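Numbering-wise (our numbering), the sequence shown opens with residue 29 and increments by one. Just so you know, even glycine gets a beta-carbon here, dropped at the ideal spot from N, CA and C. Computed from a prediction, not measured in an experiment: that's the story for all the values here.
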Amino acid sequence: MNGPFELIAPPAAAKPRVRRGGWSWGPVEGARLRVMSNGGGIQSTTLIMMMCTGDLPWVDHIIHAETGDDGDFTARHLDWLDSQVIRYSNGRVGIHRVSRGGRLSDRIRNRAAGKGVINNDRFVSAPFYTSGGKNGRGGQGKRQCTREFKIEPLEKKQRELLGYKPRQRIPAGSCEVWIGISTDEVVRAGAAFTSWTINRYPLLENRMSRRDCVAWLEGHGFPVPPKSACIFCPYKTNAEWRWLRDHDPKAWADAVELDRLIRNTPGMREREFLHRDRVPLDQVDLSTDEERGQGMLMVCEAGCGL
29 MNGPFELIAP PAAAKPRVRR GGWSWGPVEG ARLRVMSNGG GIQSTTLIMM MCTGDLPWVD
89 HIIHAETGDD GDFTARHLDW LDSQVIRYSN GRVGIHRVSR GGRLSDRIRN RAAGKGVINN
149 DRFVSAPFYT SGGKNGRGGQ GKRQCTREFK IEPLEKKQRE LLGYKPRQRI PAGSCEVWIG
209 ISTDEVVRAG AAFTSWTINR YPLLENRMSR RDCVAWLEGH GFPVPPKSAC IFCPYKTNAE
269 WRWLRDHDPK AWADAVELDR LIRNTPGMRE REFLHRDRVP LDQVDLSTDE ERGQGMLMVC
329 EAGCGL
């Protein structure tokens with residue numbers, strides 16, 4: 029990519045062009061604070077490094093919500109990102125790590141051990157896959173983890189940065205929040221949960237896909253991280269599970285343990301699994317097509333056995 033990278037969206041009009049009650053295409057007029065939610069993955073890394081290179085303007089603060097279950101690789105990558113922000117912004121951009129407190133993995137272990145609620149930490153459900161059910165095909169648990177371990181700590185920090193106390197009314201549209209969502213996952217883009225925050229998606233404004241992000245990072249000599257998620261997130265693809273197994277043995281062992289524990293929890297009516305195949309994680313076939321002998325079928329003329 030040659031020359032400066034410019035946002036497709038023109039400067040904000042007299043009134044913010046807000047869609048769906050909390051999603052802005054372009055800068056939010058009148059916002060007192062501009063922050064970025066740093067997930068630590070490819071899209072977030074692209075946004076941060078585009079600010080570092082001057083291809084995007086700086087936000088006021090960059091916030092990462094730590095779950096404690098992200099894995100060592102993500103933790104090291106976040107440290108690297110923080111160092112780049114400090115270096116390129118000359119320390120002008122605030123960097124924050126926030127947490128709800130406690131880890132969901134610890135709550136899973138406590139529940140499996142029959143310890144129940146410890147330190148007033150009630151159990152938060154995750155979208156694990158279930159077997160059985162009314163139709164016999166299985167289902168998926170309710171997703172509370174993102175809201176309670178990611179969104180709520182981020183909102184709490186944004187409120188603090190704006191200078192408001194809990195339950196104190198904040199004027200609508202006070203905070204513009206950048207989120208790294210690319211065109212291939214546009215269904216994830218949506219309105220903010222509160223009236224005083226308005227989400228903005230610079231990668232969508234620039235028509236950038238995940239592949240575009242990878243190409244941009246590689247073209248500038250920056251590292252391309254794996255997808256950022258809890259080590260036991262059930263939304264992982266086989267490729268992501270394979271990466272975890274091959275590159276982070278400790279995280280893989282923890283995921284296998286947690287997968288076993290969620291099926292050995294007292295009082296559960298249905299069996300739960302981390303993998304969509306609904307079999308124990310260490311028994312899932314994570315081999316590639318090539319490893320299964322399928323990779324060359326479209327080019328083989330089947331003459332070897334004649």
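Beta-carbon contacts of residue i that lie in its chain and below 6 Å, excluding the five residues immediately before and after
i      : result
Ser223 : Ala200
Arg299 : Ser159 and Arg291
Ser256 : Gly67, Gly68, Gly69 and Thr102
Ser72  : Asn66 and Gly208
Whether residue i touches residue j by CB criterion (8 Å)
i      : j      : result
Ala154 : Leu132 : yes
Trp86  : Glu233 : no
His248 : Met77  : yes
Thr95  : Gly68  : no
Ile136 : Ile259 : no
Val126 : Lys170 : no
Tyr157 : Pro254 : no
Trp339 : Gly218 : Limits of the chain in this structure are 29 at one end and 334 at the other, which puts residue 339 out of reach.
Arg236 : Thr211 : One point to set straight first is that residue 236 is Met, not Arg, in the sequence displayed. Cβ distance < 8 Å, so Met236 and Thr211 count as in contact.
Cys241 : Thr74  : yes
Ala279 : Asp100 : yes
Arg228 : Trp244 : no
For residue i, the residue or residues it bridges with in DSSP
i      : result
Ile91  : Ser65 and His124
Phe301 : Tyr157
Gln112 : Partner(s): none; Gln112 has no beta bridge.
Gly167 : Thr158
Buried or exposed (CB count within 10 angstroms, at least 16 for buried), residue i
i      : result
His275 : exposed
Ser202 : buried
Val56  : buried
Asn292 : exposed
Lys143 : exposed
Arg187 : buried
Ala220 : buried
Val214 : exposed
Spatial neighbours of residue i in its chain, beta-carbon cut-off 7 Å, leaving aside the 5 residues before and after
i      : result
Ser315 : none
Gly106 : The question names Gly, but residue 106 is Leu in the sequence shown. Counting only Cβ-Cβ distances below 7 Å, and skipping sequence neighbours, we find Gly68 and His92.
Tyr192 : Ile198
Residue i - DSSP class collapsed to helix/strand/coil
i      : result
Leu334 : With a pLDDT of only 32 at Leu334, under 50, the local geometry of the prediction cannot be trusted, and no value is derived from it.
Cys203 : strand
Asn118 : coil
Met236 : coil
Cys173 : helix
Asn292 : coil
Ala279 : helix
Glu180 : helix
Gly247 : helix
Leu272 : helix
Ser133 : helix
Lys185 : helix
Cys258 : coil
Arg139 : helix
Asp100 : helix
Proximity test, residue i beta-carbon vs the ligand GTP heavy atom, cut-off 7 Å
i     : result
Gly69 : By its list of ligands, the structure shown contains no ligand whatsoever, and the ligand GTP lies outside what it can speak to.
Own chain partners of residue i with C-beta closer than 8 Å, once the 5 adjacent residues on each side are dropped
i      : result
Asp287 : Phe260, Phe301, Leu302, His303, Pro308, Leu309 and Asp310
Arg216 : Ile209
Gly122 : Asp88, His89, Ile90 and Leu189
Neighbour flag for residue i against chain C, beta carbons, 8 Å
i      : result
Ser210 : Considering every chain present, this structure includes no chain C. It has just one protein chain.
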